[in-house]
Each structure stands twice: as structure tokens, then as C-alpha cells.
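Colleague:
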Amino acid sequence: MPLFWRVFLMNAAVLIAATALLLLGPVTVSTPVLLTEAAVLAVGLAVLLVANAALLRFGLAPLSRLARTMATIDLLRPGPRPSAKGHGEIAELVRAFNSMLDRLEAERAASTGRALSAQEAERRRVAQELHDEVGQTLTAVLLELKGVADRAPGPVREELRQVQETTRTGLDEIRRIARRLRPGVLEELGLVSALKALAGEFSGPVLTVRHRLDPKLPSLDREAELVLYRVAQESLTNTVRHARARHADIELRRVATGVLLAVRDDGRGTGGAPEGAGIRGMRERALLIGAALAIGPGPDGGTEVCLTVPVPQGSP
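If you want it as C-alpha cells, here you go:
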């Protein structure tokens, strides 16, 4: 029964009972009002108020739970749906809200998938142009510089050698950027080899990246492998930029629910800082394949990023 009719009928029942007592019973109201009559009226009024308060309290409780859920909902962090408890239009409102959340999450997943696909395609195009156009141009410049340096006199030759080294450094940097934009090793050699190459790429004088990668992983589709690689890449990028860490670890292993990727560092942690575009991008990628992403302090300090990718039961 709708809440309106429940409140109305309860009030009507109390008022009808009070009227019947006044008309048919010995209860009367004198002028001036006697103490016993005032007590009877006060008790009746108290009963009416308590009954109204109890009915509204229990009837509107689902609305309070729904309001708290609406205030804290985050489409990037799906949580349990509010239960459709209650009666009538309140339960219908909760069910409508849950249905709206389902549609919003489905639409966000679809739009995120299209956006990430377009982003990956653009990355491949830019990487290809860097490799084919800029890389070949700089290679040709290096060859020309070598020929000129071989024919130049001594002092000029030395300056040309320095220009050659600067050009070669720029060419190596362009190739490194192209590899980050389009991880060819992921497509050619698989996820484990790509993560090993990623650890070597980020290792240097400031940061040492270690890896523990299980080669016996269940079969993953291309999209899941790309998400795992991009999350590891973004995690190490954040470590280099913000963590001030000396060591980082990449772990990839099979768990009961699927495949777990963990990236840990010994830096200063997040410090309660708001999430930036990089972490939001990781959450969107995780939702795209139905994975669970958790970011928090590591067991020994620093920051830990854990991505759990589900795999079908019985996958090899």
C-alpha cells in the first residue's frame, strides 16, 4: 500500500475511534475541562503522534538509505546496490534508482571503451609517424653528419661529433617515446616479456624496478593484456614523478579469481592527495574489462596498486 494511504488510514482509524468514544462512550468534555478529560485527550493525542512517527520512521527509512547512497555513489568505484526494501512507491523508487545506475554504468563503459580504443589508435598512429618520419629523418641527418665530419678539419670534426651525439640522443628519445605509445613487444612477445621490458625501461640511477612474473598465466584476450600493461606503465610513471622512491616491484601471478598485477614502491605514498587523471584513467580501463583496481599504502609503506583481472573458470 502506498505511504500516503497508510498514513491517511491510520489517522482516520485513530480519529474514528476517538469520535466513537466521544459519541457512544461515557467520555465527555466539560466546560471547564476536567483533569481526567484532559488526561484522556492527552493520551489520545500522544497515541496519534507516536503512531504517526513510527509509521513515517519505518516507512521512510529506505529513502534515507537511498539518499546516502546517492550522495556517495561513484561510477568509477561500483559498489553494492541499495536493497529494494519497503512498500509501494518507495520500493519502486529504489528499483528505479538501481536500474538508472545499471544504465549509467553500461553507457559509461561503452563510451569509455570507444574513447580508449580511439586513444590507442591515435597512439599507434603517432608512434608510427615518429618512427617512420622523424626517426628516419634523424637517421639521415646522422649519416650526413658522419660524412661531413669525416671530411672536416680537426676542430670542426670534433664539434660535428658532438652534434652527432646530441642527434643520436634525440633519436633514442624519440624511439623510447614511440615504444611507450605503441608497445610493440606486447603484440609480438606477449605480456610477460612486455612487463620485463617496461621494468628495464624505468630502471635507472634513481629508481630500481624489480619484477616477479609468473609465466604460467591463464589465457587473456588482447584487451585485458593491454589494460594490465597500461596500468603497470601508469603506476611506474606515477612512481617516477611523485613517489621519490628508490625501489619498485612489479608482480604478476595467477590467483583464485583470475590474474593479479601488483605494483609497489617504497616512496612517500599518496598522502591523501586527490586522484589525478592518471588514476582515473586506470579505473576506467579496469571497469572496461570488469577488473577490480585497488590503490593504497603498501605493506611496507609507499604505494601499492593492485589490479585483479577475472578469467573464466576452467581457462588454461
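So in numbering that gives the first Met the number 0 the end of the sequence shown lands on 315, straight run, no missing numbers. Every residue, glycine too, gets a C-beta built ideally from N, C-alpha and C. Here the structure is a predicted model, which is why all the values come from computation and not from measurement.
Is there contact between the region 64-74 and the region 88-105, where contact requires at least three CB pairs shorter than 8 Å?
Modeller: yes
Colleague: Whose C-alpha, out of P309, P298 and R240, is nearest the C-alpha of G275?
Modeller: R240
Colleague: At which residues does the alpha helix (DSSP H) containing L194 begin and terminate?
Modeller: Counting along the chain, the unbroken alpha helix (DSSP H) around L194 starts and ends at L190 to F201.
Colleague: Which word fits E128, buried or exposed, when buried means at least 16 other C-beta atoms lie within 10 angstroms of its C-beta?
Modeller: With fewer than 16 other Cβ atoms within 10 Å, it is exposed.
Colleague: Let me check one thing: in DSSP terms, what residues is T307 bridge-paired to?
Modeller: L259 and A291
Colleague: Between which two residues does the beta strand (DSSP E) harbouring V254 extend?
Modeller: H246 to V254
Colleague: Taking only the alpha-carbon atoms, compute the straight-line gap between V191 and L219 and give it to the nearest angstrom.
Modeller: 12 Å
Colleague: Would you mind listing the alpha helix (DSSP H) stretches within the region 78-162 that are 4+ residues and don't spill past its ends, in chain order?
Modeller: 87-128 and 134-150
Colleague: Which residue or residues does DSSP assign as beta-bridge partners of T302?
Modeller: P296
Colleague: I think T236 touches A244, with their Cβ atoms under 8 Å apart; what is that distance to the nearest whole Å?
Modeller: Contact doesn't hold; Cβ gap of about 12 Å is too wide.
Colleague: Does the separation of the CB atoms of R122 and L185 fall below 8 Å?
Modeller: no
Colleague: Which same chain residues, not among the five before or five after V230, have their C-beta less than 8 Å away from its C-beta?
Modeller: L260, V262, M281, R284, A285, L292, V304 and L306
Colleague: Between the region 162-175 and the region 135-145, do three or more beta carbon pairs fall short of 8 Å?
Modeller: yes
Colleague: Looking only at its chain, what residues have a beta carbon closer than 8 Å to the beta carbon of A207, apart from the 5 residues adjacent to it on each side?
Modeller: First, the residue type needs correcting, since residue 207 is Thr and not Ala in the sequence shown. Hits under 8 Å: R245, H246 and A247.
Colleague: Within the same chain, show all residues whose beta-carbon is closer than 8 Å to that of G112, passing over the 5 residues directly before and after it, in chain order.
Modeller: Excluding sequence neighbours, G112 sits near L287.
Colleague: Starting from V208 and walking both ways along the beta strand (DSSP E), at which residues does that stretch end?
Modeller: T207 to L212
Colleague: Run through DSSP, which three-state label would D171 get?
Modeller: helix
Colleague: I'd like the span of the alpha helix (DSSP H) that includes E274, first residue to last.
Modeller: Where E274 is concerned, there is no enclosing alpha helix (DSSP H), given that its DSSP letter is neither H nor E.
Colleague: In chain order, what residues of the same chain have a beta carbon less than 7 Å from the beta carbon of R64, not counting five sequence neighbours either side?
Modeller: P81
Colleague: Give every residue of the same chain whose Cβ lies closer than 7 Å to the Cβ of A17, excluding the five residues on either side of it in the sequence, and list them in chain order.
Modeller: G43
Colleague: Report yes if the C-beta distance between G134 and I176 is below 8 Å; otherwise report no.
Modeller: no
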